[in-house]
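J.: This is the structure I want to talk about, given as C-alpha cells.
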Amino acid sequence: MKMPSSNRYLQLLLVVAIVFLINVIGSFIYTEFDLTDDNRFTLSENTKKIVSTAGDNMSIRVLLDGEFPAGFKRLQSSVLDILNKFRDINPNIVFEFEDPTVGSVKELEQKKKLLQEDNIIPISLSYSDGIQLVQKAVFPFAIINYRQKKYIVNLLEEQKPGDDEEIILNKSVALLEYKFANAFQKLQSERPKNVLFTQGNGEWEESQTFRLESEIRRFHRVGRVSLDTLMKLDSTIDLVILAGPKTPMTLQNQFKLDQYVMNGGKIIWLIDKFPVSLDSINKYKFYVPEDIATGLDDMLFKYGVRIMPDLIVDLECSSIPQVVGMSGDKPQTKLFPWVYHMAAASEIQHPVVKNIDRVNLFFPSTIDTVKTEGNVKKTMLLKSSKYSRSQLSPVRLSFEILKVAPDPSKFNDGNRPVAYLLEGEFESFFKNRLTPEFQSMLDRIGVKFKDKSIPAKQIVISDSDFAKNLINTTTGDTEDIGYNKWERRFYKGNKDFILNAVEYMLDENNILESRSKEIKLRLLDTVRTKQEKSWWQFINVGLPVLLLALFGFAYQYFRKRRYSS
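Residue numbers (the numbering used here): 227 to 791.
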C-alpha cells in the first residue's frame, strides 16, 4: 500500500523542522562530553573560576601561527582549543595567533627587538616536509596583556639532549591549562603577596638566594629581616622562608614563628642537619660532621616531623670531579658518582612535584613523621630512590670511597623521605610551656597566646643547598637555581620544586592542582605502521569510496527492479 504524497511531504517537513529546531537550540546551549579517561578536554573548576573573573579585556597573542610538523601542530591546536574554552566561559578573553617570522626585513628586525625585550627567544626546528629538510625559527610563547600588566607564557617545556620530542610536546600540552590559569591569577591579583626570608641565624646570604628572590619578586613582594627586630610576625606576611639556618634560634624567635603558624601562617623550612660541603671534606683526609644546633628540632617534632641524624646515600646521584693523573703540570680530572648528592626523581602525585625533572639534593637527611595532637595531614613530596640507604651519625666522609665501585646490594633501604608538606591545625610548641614571666611579658605588649592553630601549611625539606644559586667567583655573576658546576648542567627540577612549593603556599585558588593533569601518550608501533601503511590507507580512504559506490550501484539496481515490475 502506497503512502499518500501529502503524508510523505508532512513527514519531510517534520524532519526538517526538528533538525532546524535542534540547530537553533544548539546555537544557544553549548555542551560537550569528555569521554577520555584522562579528562584531557575538561577544565578544572578552579581554572573556570579564575577565567570567569576577568573583568576587563584580556588580550592574548599566541606566536605560533603557520605550518608545523605533526607534534607542533598538536601543540598549536591544543592552545587554540583551550583558548576557545576560555572564551566560551568569558567573552572578555580575546586572542589571536601570529607568525613573528612573516614580514619585511625592517618589520622582522623590529619584531625581534621587541620580543627580545620580553626575553622571548626562538628555538630552531628542523624537520622534513616529505621533499626536503626544513629549518624554521619557532616562537612557542603567548603574550598576555591585562590592565597594564604583561605575562609571558612559555608554551613548550624545556628539552634536554636525549629527550624524546613526543614526550616533551605531550608534557607541554598537559601543562597548558596550568600555565594559562596561573598567568590569569597573577595578572588579576589586586595585592602582591608578601614573602619574608629570615636572617640572623646563619641563613643563606642575599647573594645566594638572589635568583630565588628574583623569581618570587616577579609577582610578589620579597623582604629579608632578622626576627630579633620584630615583636611578632604580622598576618600580612603571607609566607616565611627559613633558608639554611646554621646557628641556634632563641626561644623568643621560635615563639614568633610558632604564633605565626598558630594564626594561619605558612612556612617553608630548608634545614640542613649537618654542615657538610666538598670543601670541608677536601680539607682533611676524612671529615666527621657534627649536627647543626638550630634549636628547631623539638619545634618541628611538635608539628609532626623529625629530621633524622643521618645522611642518605643514593645510587641515583650526580657526579663530582676527582684528579686521576697529570698531563704535564696540569691535573687531569674525571667525574665519579657521589652518592651523597642525590638526584631525586619525582614519583609523588602531588601538584608541587608532579611532572618536574630530577631534583639535585646535597647531603640530605631522612625526614620521619611523628604522631601529632592536632589534625595534621602529612604528604611526602620527595624521596630517595629504591637504591639508597642511610648512614647514622657519626658519619665518616672521605673521597676514598670513590676508589671502589659501590655494591648495589648494600643500597637496599630506599624510598627515604626528604621533603614533607604539613597541612592542618597544629598544636603550639609552647603549649603548657610558658613561664609566668613570659606570660606577663606577653600581657604587657598586648600579644594573645594561641595554643592551637587555624588551618596552616608548612613544608619541611632536609636540604637548603638545592635552592641556592652559585656565584661565579671570576665574574661575580650568579648562576641559575639548579646549576651543577661539576657536571656543568642544570637540574631544572630544583628550580621548579622550590618555586612550585612557594606557589602552593601562596595559591588561594588551588590553581596548582591543574599541574596534576596527565595526558597519556599512546604511541603507535612505528615498525608495524610502516608495514601496514598501505592497508590502513585503503581502509580509511579507499574503503569508504568503495562502499559508497556499492551502495549507489545497489540502490540503482533495486530501484530499477522495483519500478520495472
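For every residue, glycine included, the Cβ atom is placed at its ideal position computed from N, Cα and C.
1. Candidates K629, E649, K511 and D454: which alpha carbon is nearest L607's?
2. Bridge partners of V320, per DSSP?
3. Cα separation between L236 and I248?
4. State yes or no: is the C-beta of T473 within less than 8 Å of the C-beta of G530?
5. In chain order, what residues of the same chain lie with their CB nearer than 7 Å to the CB of N283, ignoring the 5 residues before and after it?
6. Quick one: residues in its chain with C-beta nearer than 8 Å to the C-beta of Q414, no 5 flanking neighbours on either side, listed in chain order?
7. Around the Cβ of V767, are there at least 16 other Cβ atoms within 10 angstroms (buried) or fewer (exposed)?
8. From the DSSP output, in three-state form, read off E649 for me.
9. Go through the stretch 313-400 residue by residue and report every complete run of the beta strand (DSSP E) that reaches 3 residues or more, in order.
10. Pair every Cβ in the stretch 361-377 with every Cβ in the stretch 326-341, then say whether three or more of these pairs are closer than 8 Å.
11. Taking G719 as part of the beta strand (DSSP E), name the residues at either end of that continuous run.
12. Could you tell me whether the Cβ atoms of F589 and D689 are closer together than 8 Å?
13. Could you check which residue in A571, I593, K604 and L468 has the C-alpha nearest to that of Y613?
14. Candidates K339, F481 and K274: which alpha carbon is nearest K311's?
15. In or out: M475 buried (at least 16 other Cβ within 10 Å) or exposed?
16. Which word fits G708, buried or exposed, when buried means at least 16 other C-beta atoms lie within 10 angstroms of its C-beta?
17. For V451 and I463, I'd like the C-alpha separation in whole angstroms.
18. Measuring CB to CB, does D484 end up less than 8 Å from M525?
19. Could you check if S666 is buried or exposed, using at least 16 other CB atoms within 10 Å of its CB as the buried criterion?
20. As a quick exercise: from V550, P348, P366 and E391, pick the residue whose alpha carbon is nearest that of F323.
21. Compare the Cα-Cα distances from D540 to each of T520, I574 and P634 and report the closest residue.
22. Less than 8 Å between the C-beta atoms of N652 and V466, yes or no?
23. Note down the Cα distance separating Y783 from E758, rounded to an integer number of angstroms.
24. For D263, is the classification buried or exposed, using 16 other Cβ atoms within 10 angstroms of its Cβ as the cut-off for buried?
25. Within 10 angstroms of its Cβ, does A631 collect 16 or more other Cβ (buried), or is it exposed?
26. Quick one: complete alpha helix (DSSP H) runs, 4+ long, within the stretch 447-497?
27. Confirm, please, whether the CB-CB distance from P577 to L738 is below 8 Å.
28. Which term fits W430, buried or exposed, when burial requires 16 or more other beta carbons within 10 angstroms of its beta carbon?
29. Between which two residues does the beta strand (DSSP E) harbouring R532 extend?
30. For the alpha helix (DSSP H) that contains D669, what are its first and last residues?
31. Once the 5 residues before and after F637 are set aside, which same chain residues still bring their CB inside 6 Å of it?
32. With a threshold of 6 Å on Cβ separation, who are the neighbours of N736 within its own chain once the five nearest residues in sequence on each side are excluded?
33. Our contact map puts Y717 next to D583 with C-beta atoms below 8 Å; I'd like the distance itself, whole angstroms only.
T.: Taking the coordinates as given:
1. Numbered from 1 along the sequence shown, position 381 holds the residue referred to as residue 607. If we check each option's Cα against that of L607, E649 comes out closest.
2. By one-based count along the sequence shown, residue 320 stands at place 94. Answer is S285.
3. Numbered from 1 along the sequence shown, position 10 holds the residue referred to as residue 236. Numbered from 1 along the sequence shown, position 22 holds the residue referred to as residue 248. Their backbone Cα atoms lie some 18 Å apart in a straight line.
4. Along the sequence shown, one-based indexing puts residue 473 at 247. Along the sequence shown, one-based indexing puts residue 530 at 304. No.
5. In the sequence shown, residue 283 corresponds to position 57, counting from 1. So the list reads N318 and V320, once near-sequence residues are dropped.
6. Indexing the sequence shown from 1 puts residue 414 at position 188. Hits under 8 Å: I276, T279, A280 and Y372.
7. Taking the sequence shown and counting its residues from 1, one reaches residue 767 at position 541. The residue is exposed, with fewer than 16 neighbouring Cβ atoms inside 10 Å.
8. By 1-based counting over the sequence shown, the position of residue 649 is 423. In this structure, E649 counts as strand in the three-state DSSP scheme.
9. 319-323, 349-354, 359-364, 367-372 and 375-380
10. yes
11. For the purposes of this step, residue 719 is identified with residue 493 of the sequence shown, where counting begins at 1. No beta strand (DSSP E) holds G719; the alpha helix (DSSP H) holding it covers K718 to L732.
12. Mapped onto the sequence shown, residue 589 falls at position 363. Mapped onto the sequence shown, residue 689 falls at position 463. Yes.
13. Within the sequence shown, numbered from 1, the residue matching residue 613 stands at position 387. Nearest option by C-alpha distance: A571.
14. As a working mapping, residue 311 is identified with position 85 in the sequence shown. Among K339, F481 and K274, the Cα nearest to that of K311 is on K274.
15. Taking the first residue of the sequence shown as position 1, residue 475 is located at position 249. So M475 ends up on the buried side.
16. Sequence index remark: in the sequence shown, residue 708 carries index 482 (1-based). Per the 10 Å Cβ criterion, buried.
17. In the sequence shown, counting from the first residue as 1, residue 451 sits at position 225. In the sequence shown, counting from the first residue as 1, residue 463 sits at position 237. Cα-Cα distance, rounded: 12 Å.
18. Residue numbering aside, residue 484 sits at position 258 when the sequence shown is read from its first letter. Residue numbering aside, residue 525 sits at position 299 when the sequence shown is read from its first letter. Yes. Within cutoff.
19. As a first step, residue 666 is located in the sequence shown; it is residue number 440 there, counting from the start. By the neighbour-count criterion, in which a residue is buried when 16 or more other Cβ atoms sit within 10 angstroms of its Cβ, S666 is exposed.
20. On the sequence shown, residue 323 is found 97 positions in, with the first residue counted as 1. Nearest of V550, P348, P366 and E391 to F323, Cα basis: P366.
21. As a position in the sequence shown, residue 540 is number 314, starting the count at 1. Checking every option, the nearest Cα to that of D540 belongs to P634.
22. As a first step, residue 652 is located in the sequence shown; it is residue number 426 there, counting from the start. As a first step, residue 466 is located in the sequence shown; it is residue number 240 there, counting from the start. The sequence shown places Phe at residue 652, rather than the Asn named in the question. Against a cut-off of 8 Å, the Cβ pair of V466 and F652 comes out as no contact.
23. Along the sequence shown, one-based indexing puts residue 783 at 557. Along the sequence shown, one-based indexing puts residue 758 at 532. Take the alpha-carbon of Y783 and the one of E758: they are about 35 Å apart.
24. Walking along the sequence shown from the start, residue 263 turns up at place 37. Any reading at D263 must be qualified, since the residue scores a pLDDT of 48, below 50, and its modelled position is unreliable; no value is offered.
25. Taking the first residue of the sequence shown as 1, we reach residue 631 at position 405. Looking at its Cβ environment, which holds fewer than 16 other Cβ atoms inside 10 Å, A631 is exposed.
26. 477-488
27. Sequence index remark: in the sequence shown, residue 738 carries index 512 (1-based). Sequence index remark: in the sequence shown, residue 577 carries index 351 (1-based). Result yes, Cβ atoms of L738 and P577 sit closer than 8 Å.
28. Taking the first residue of the sequence shown as 1, we reach residue 430 at position 204. Burial call: buried.
29. The residue labelled residue 532 in the question sits at position 306 within the sequence shown. Element bounds for R532: V531 to I533.
30. Residue 669 sits at position 443 when you count from the first residue of the sequence shown. Unbroken alpha helix (DSSP H) run through D669: P662 to I671.
31. Taking the first residue of the sequence shown as position 1, residue 637 is located at position 411. The residues are L541, Y613, S614 and R615.
32. For the purposes of this step, residue 736 is taken as the residue at position 510 of the sequence shown. N272.
33. Position 491 of the sequence shown, counted from the first residue, corresponds to residue 717. Position 357 of the sequence shown, counted from the first residue, corresponds to residue 583. Rounded, the Cβ-Cβ distance is 7 Å, consistent with contact.
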